[in-house]
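Chemist: The UniProt record's numbering puts the first residue of the sequence shown at 1, with every later residue one more than the last. Ideal placement from N, C-alpha and C gives every residue a C-beta, glycine not left out. Treat the numbers as computed from the prediction; the structure is a model and nothing was measured. This structure is in C-alpha cells; I'll ask about it shortly.
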Amino acid sequence: MESLQEKHLDTSRGLHYKYYVSPESDASKPTLLLLHGWPDSAHLWQYVVPHLTSLRCKLVVPDLLGYGGTSKPTSPELYNYRRMSEDVAEILDAEKSGRVIPVGHDWGCYLASRFHLVYPERCPAAVHIGIAYLPPVPQHLDLDTVNEHSVQAVGYPRFEYWNLFSSPEAPRMFSEHLDSVWHALHGDAQDWMKQMFCAPDAMKNFLLQGRTDVPLRAYAQDAKLKEHWKQNMTDASSWESAFCWYHSLLQDVQMEEDKNIPEGMYKLDMPVLFIACDGDAVNSPELIDFPKEAGLLPDLRVEVLHSGHWCPYEKPEEIAGLLSDFLSDRQLVL
Numbered sequence: 001m002e003s004l005q006e007k008h009l010d011t012s013r014g015l016h017y018k019y020y021v022s023p024e025s026d027a028s029k030p031t032l033l034l035l036h037g038w039p040d041s042a043h044l045w046q047y048v049v050p051h052l053t054s055l056r057c058k059l060v061v062p063d064l065l066g067y068g069g070t071s072k073p074t075s076p077e078l079y080n081y082r083r084m085s086e087d088v089a090e091i092l093d094a095e096k097s098g099r100v101i102p103v104g105h106d107w108g109c110y111l112a113s114r115f116h117l118v119y120p121e122r123c124p125a126a127v128h129i130g131i132a133y134l135p136p137v138p139q140h141l142d143l144d145t146v147n148e149h150s151v152q153a154v155g156y157p158r159f160e161y162w163n164l165f166s167s168p169e170a171p172r173m174f175s176e177h178l179d180s181v182w183h184a185l186h187g188d189a190q191d192w193m194k195q196m197f198c199a200p201d202a203m204k205n206f207l208l209q210g211r212t213d214v215p216l217r218a219y220a221q222d223a224k225l226k227e228h229w230k231q232n233m234t235d236a237s238s239w240e241s242a243f244c245w246y247h248s249l250l251q252d253v254q255m256e257e258d259k260n261i262p263e264g265m266y267k268l269d270m271p272v273l274f275i276a277c278d279g280d281a282v283n284s285p286e287l288i289d290f291p292k293e294a295g296l297l298p299d300l301r302v303e304v305l306h307s308g309h310w311c312p313y314e315k316p317e318e319i320a321g322l323l324s325d326f327l328s329d330r331q332l333v334l
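Structure follows, in C-alpha cells:
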C-alpha cells in the first residue's frame with residue numbers, strides 16, 4: 001500500500017476508521033471503493049492497487065469495521081449494514097468522492113451490495129469478487145435449513161463453517177492457533193476449501209491439533225504477508241469483532257434492515273461485474289445463477305478465474321485487468 005496515503009476518520013457514530021487513498025486521480029472519474037472481507041484488511045488489495053493506477057480513478061481502501069486500524073467493537077448490532085454504509089459514505093464525503101463503484105471481496109461483496117442499495121444514486125456500477133450478489137433477505141436466516149438445501153443441491157453443506165465461526169469458543173481458538181489458521185485458509189491441496197470449510201468439525205480439529213502440514217498456495221508462502229496479517233489478528237477480541245459480521249446475519253441484525261428495502265430495489269439497474277473463482281467450494285461460480293435468472297442483474301458480466309477464494313492475493317493482475325476492461329467497456333472511466 002506504499003503508493004497510497006494513509007488517513008483516519010472518526011464517524012458521526014463515534015467509530016474510528018483507518019483507510020488509504022490514492023494521492024493523484026482524475027476528479028471526473030468515479031472513485032473505486034475497495035472493500036475487503038474476512039479475515040483481512042485493506043492490505044488484501046496491496047497487489048491489485050498497482051495495476052489500477054493507469055485508470056486515474058481515485059482509490060479509497062478502508063479497513064472495514066472490526067479489522068486492522070479501524071474500531072473493533074464486539075456488539076453485532078454495530079455491524080448493521082446501513083450504519084456501516086453510512087460510515088463508508090462519510091469517508092467518501094471527506095474525500096469529495098461523489099460517484100462510487102464499490103468493489104467487494106468476500107464480506108466486502110455483501111457490504112458492496114448493501115451500499116449500492118442504500119446509495120443507488122452514487123453507484124454507476126458494482127463489482128463483486130468471489131461472492132455473487134445476494135438480494136435482501138427479509139426473514140430469519142436459518143443456518144441448518146441453508147445447509148440442508150446445500151446438501152440437496154451440491155452434495156455437501158457449503159456453510160458448515162458458520163457453526164464454528166458463530167460459536168463462543170471460536171475467537172480464542174483462532175487467536176491461539178494463528179499458524180494453523182493461515183494454513184487452513186490458504187492450503188494448497190485437492191478440494192482443500194471443501195475439506196476445511198464444508199465438513200463438520202474439520203477446521204476446528206485442524207486448529208486444535210495445531211496442524212501446519214498442508215502445503216501453502218504460492219502467495220501465502222510470503223513471510224511478510226503472513227506476519228502482517230498475524231499482527232492484526234493476534235488476540236481473541238480481534239477475532240470476536242471479525243466474527244461479528246457472521247453474528248449480525250445469524251442474529252437478525254441485517255434482516256431488520258432488509259425488511260426496509262422495497263422489492264423493487266432488489267434489481268440492480270446498473271452494470272455489474274461478477275468475478276468468480278473456480279477453486280472456491282463455498283462460493284462457486286454457479287451461485288450467480290439465482291439472482292441472474294430472477295432478473296435482478298439485467299446488465300451482468302461474469303468472469304471466472306482459475307483461483308482459490310483469496311484471488312486478490314493469488315491473481316491480482318488478472319483482477320485488475322478484468323476490472324479495467326469492464327469499466328472501459330461500460331464507458332465508466334473514459
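Are at least three pairs of beta-carbons, each pair with one atom in the segment 271-291 and one in the segment 124-131, less than 8 Å apart?
Modeler: yes
Chemist: Using the rule of at least 16 other Cβ atoms within 10 Å of the residue's Cβ for burial, across every protein chain shown, is asparagine 205 buried or exposed?
Modeler: exposed
Chemist: Consult DSSP for histidine 149 and reduce its assignment to one of helix, strand or coil.
Modeler: helix
Chemist: Given a threshold of 16 other Cβ atoms within 10 Å of its Cβ, counted over all protein chains shown, does glutamine 139 qualify as buried or as exposed?
Modeler: exposed
Chemist: For glycine 321, which of His309, Ser71 and Tyr47 has the nearest alpha-carbon?
Modeler: Tyr47
Chemist: Based on the DSSP secondary-structure assignment, which residues constitute the bridge partners of aspartate 10?
Modeler: His16
Chemist: So, are the CB atoms of serine 175 and alanine 236 less than 7 Å apart?
Modeler: yes
Chemist: For aspartate 149, count neighbouring Cβ atoms within 10 angstroms of its own Cβ and tell me buried if that reaches 16, exposed if not.
Modeler: The sequence given here has histidine at residue 149, not aspartate. Histidine 149 should be labelled exposed.
Chemist: Pick out whichever of Glu257, Arg301 and Ser324 has its Cα sitting closest to the Cα of proline 135.
Modeler: Glu257
Chemist: Take lysine 18 as the anchor and find which of Asp87, Leu78 and Arg82 has the nearest alpha-carbon.
Modeler: Asp87
Chemist: The beta strand (DSSP E) that contains glycine 104, what's its start and end?
Modeler: 100-105
Chemist: Provide the residue span of the alpha helix (DSSP H) that contains cysteine 244, from first to last.
Modeler: 236-250
Chemist: Can you name, in chain order, every residue of its own chain whose Cβ lies under 7 Å from the Cβ of alanine 89, other than the five neighbours on each side?
Modeler: Tyr119
Chemist: Could you check how far apart the C-beta atoms of leucine 323 and leucine 273 are, in whole angstroms? I think they sit under 8 Å.
Modeler: Between leucine 273 and leucine 323 the Cβ distance is about 7 Å, and since that is below 8 Å, they are a contact.
Chemist: Three or more beta-carbon pairs under 8 Å between the segment 100-110 and the segment 31-50, yes or no?
Modeler: yes
Chemist: Check for me: the beta strand (DSSP E) holding leucine 225 runs from which residue to which?
Modeler: Where leucine 225 is concerned, there is no enclosing beta strand (DSSP E), although the alpha helix (DSSP H) it sits in stretches over 223-232.
Chemist: So does the segment 295-311 actually touch the segment 185-205, counting three or more Cβ pairs closer than 8 Å?
Modeler: They touch, by the three-pair rule.
Chemist: Using 8 Å for Cβ pairs, my map puts serine 166 next to tyrosine 266. What's the rounded Cβ distance?
Modeler: Rounded, the Cβ-Cβ distance is 26 Å, inconsistent with contact.
Chemist: Which full runs of the beta strand (DSSP E) of 3+ residues lie inside the segment 269-303, going along the chain?
Modeler: Fully enclosed beta strand (DSSP E) runs of 3 or longer: 272-277.
Chemist: What does DSSP give as the partner residue(s) for proline 62 in the beta ladder?
Modeler: DSSP lists Tyr19 as partners of proline 62.
Chemist: Taking the alpha-carbon positions, what's the lysine 259 to proline 316 distance?
Modeler: Each residue's Cα considered, the two are about 36 Å apart.
Chemist: Taking the alpha carbon of leucine 65 as the point to measure from, which residue in Leu78, Leu4, Thr31 and Thr53 has its own alpha carbon closest?
Modeler: Leu78
Chemist: Apart from the five residues just before and just after proline 146, which ones in its own chain have a Cβ nearer than 7 Å to its Cβ?
Modeler: Residue identity check: residue 146 is valine in the sequence provided, not proline. Result list for valine 146: Phe159, in chain order.
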